[in-house]
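Accompanying notes for the structure given below.
Residue numbers (our numbering): 1 to 91.
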């Protein structure tokens, strides 16, 4: 079944219009972005916790984090909410 190129374009436009119309509902369902902190920022955010302690929590997998860059030398970014939840100060 061969279609006219204009029919295909019209169908694509209809589908795109449906997607755009549904976009506000999809955006409302999104969760807010996670606030990520460096190890130094974690010590500033939570008084009495040392950089060494934060590094140990990361190494033990007790807080959520990502490592940016390549290899073991990449910067560690810790999820602020995960840290606060672990330390008992979360919502």
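Quick reminder that beta carbons are idealized off the backbone N, C-alpha and C, glycines included. Here the structure is a predicted model, which is why all the values come from computation and not from measurement.
- Under the Cβ criterion (8 Å, minimum of three pairs), the segment 35-53 counts as touching the segment 74-81.
- The C-beta distance from residue 87 to residue 46 rounds to 6 Å, short enough to meet the 8 Å contact threshold.
- Inside the segment 34-77, DSSP marks whole alpha helix (DSSP H) runs of 4 or more residues at positions 39-45 and 51-59, from first to last along the chain.
- Annotation: residue 55 to residue 39 spans about 7 Å, alpha carbon to alpha carbon.
- DSSP places residue 80 inside the alpha helix (DSSP H), whose first and last residues are 80-87.
- Within a 10 Å sphere around the beta-carbon of residue 63 sit 16 or more other beta-carbons, which makes this residue buried.
- Contact between residue 74 and residue 67 holds, since their C-beta atoms are separated by about 4 Å, short of 8 Å.
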